[in-house]
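This report concerns only the one structure given below.
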Amino acid sequence: AQRVTQPEKLLSVFKGAPVELKCNYSYSGSPELFWYVQYSRQRLQLLLRHISRESIKGFTADLNKGETSFHLKKPFAQEEDSAMYYCALSGVRGGKLIFGQGTELSVKP
Amino acid sequence: NAGVTQTPKFQVLKTGQSMTLQCAQDMNHNSMYWYRQDPGMGLRLIYYSASEGTTDKGEVPNGYNVSRLNKREFSLRLESAAPSQTSVYFCASSGSNPETQYFGPGTRLLVL
Numbered sequence: 532a533q534r535v536t537q538p539e540k541l542l543s544v545f546k547g548a549p550v551e552l553k554c555n556y557s558y559s560g561s562p563e564l565f566w567y568v569q570y571s572r573q574r575l576q577l578l579l580r581h582i583s584r585e586s587i588k589g590f591t592a593d594l595n596k597g598e599t600s601f602h603l604k605k606p607f608a609q610e611e612d613s614a615m616y617y618c619a620l621s622g623v624r625g626g627k628l629i630f631g632q633g634t635e636l637s638v639k640p
Numbered sequence: 095n096a097g098v099t100q101t102p103k104f105q106v107l108k109t110g111q112s113m114t115l116q117c118a119q120d121m122n123h124n125s126m127y128w129y130r131q132d133p134g135m136g137l138r139l140i141y142y143s144a145s146e147g148t149t150d151k152g153e154v155p156n157g158y159n160v161s162r163l164n165k166r167e168f169s170l171r172l173e174s175a176a177p178s179q180t181s182v183y184f185c186a187s188s189g190s191n192p193e194t195q196y197f198g199p200g201t202r203l204l205v206l
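Those protein sequence lines, which keep their order, are chains A and B.
Using the numbering used here, read the first sequence as starting at 532 and increasing by one per residue.
Using the numbering used here, read the second sequence as starting at 95 and increasing by one per residue.
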């Protein structure tokens with residue numbers, strides 16, 4: 532079965548500290564993985580996708596097929612990074628995304 | 095360019111009442127989706143429409159119906175609301191890249 536697990540409901544760090552939001556997935560084929568973010572009073576939006584292998588707002592995520600993980604990392608957290616982050620999986624092309632439970636990131640000054 | 099719009103923003107229903115949540119997009123996207131967001135559950139797909147005239151069930155379709163009225167509009171109907179349908183409902187759309195979805199602001203629904 533396809534599943535995305537984000538083990539942390541809440542992650543609290545201080546400004547300037549490194550941050551890693553964990554995401555593990557279960558899928559038998561070759562998935563595409565994504566991170567979506569929802570800032571306070573804003574809409575849910577795509578942050579990055581593993582295929583692009585890009586850094587967005589200082590965040591990167593590497594797909595580790597051996598560990599079935601797609602953790603989101605940033606070396607120095609900023610207060611404006613505070614938001615709800617969702618990891619998502621697309622197993623079959625066509626837009627059907629499977630979302631994780633979400634992790635709320637709180638960056639304290 | 096409003097993107098994805100949803101109405102209403104907030105609604106309170108009594109058990110057994112019916113209502114329709116409206117969604118419209120102005121990005122000329124082919125695909126549209128309805129999700130529900132519950133604490134600790136993330137977003138779960140209710141129904142989706144890959145193109146005008148087609149709809150398919152998602153992960154949690156029971157208790158809901160949808161209509162893809164035209165390319166712009168995709169409505170979600172609760173025929174007989176239940177307290178378990180208390181949730182935040184999000185509509186989304188996508189274009190040539192289906193996994194890049196654009197979300198609406200959400201509808202908060204409370205069923206008493």
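A virtual CB, placed ideally from N, CA and C, is assigned to each residue, including glycine.
Asked: Chain A residues whose Cβ lies nearer than 7 angstroms to that of Met135 (chain B); Found: Gln632
Asked: Euclidean distance between Cα positions of Ala532 (chain A) and Ser559 (chain A); Found: 8 angstroms
Asked: Residue-level contact to chain B via CB, Leu628 (chain A), 8 angstroms cutoff; Found: yes
Asked: Top-ranked residue by Cα proximity to Lys605 (chain A), from A:Ala614, A:Arg580, A:Ser586 and A:Glu539; Found: A:Ser586
Asked: Buried or exposed (CB count within 10 angstroms, at least 16 for buried), Met121 (chain B); Found: exposed
Asked: Proximity test, Cβ basis, 8 angstroms: Gln195 (chain B) and chain A; Found: yes
Asked: Straight-line Cα distance separating Glu193 (chain B) from Asp612 (chain A); Found: 23 angstroms
Asked: Limits of the beta strand (DSSP E) - the one that Thr201 (chain B) falls within; Found: Thr201 to Val205
Asked: Burial state of Val106 (chain B) (16 or more Cβ within 10 Å); Found: exposed
Asked: The stretch 576-591 of chain A: positions lying closer than 8 angstroms to chain B by Cβ; Found: Gln576, Leu577 and Arg580
Asked: Where the beta strand (DSSP E) through Met615 (chain A) begins and ends; Found: Ala614 to Ser621
Asked: Helix, strand or coil at Ser178 (chain B) [DSSP, three-state]; Found: helix
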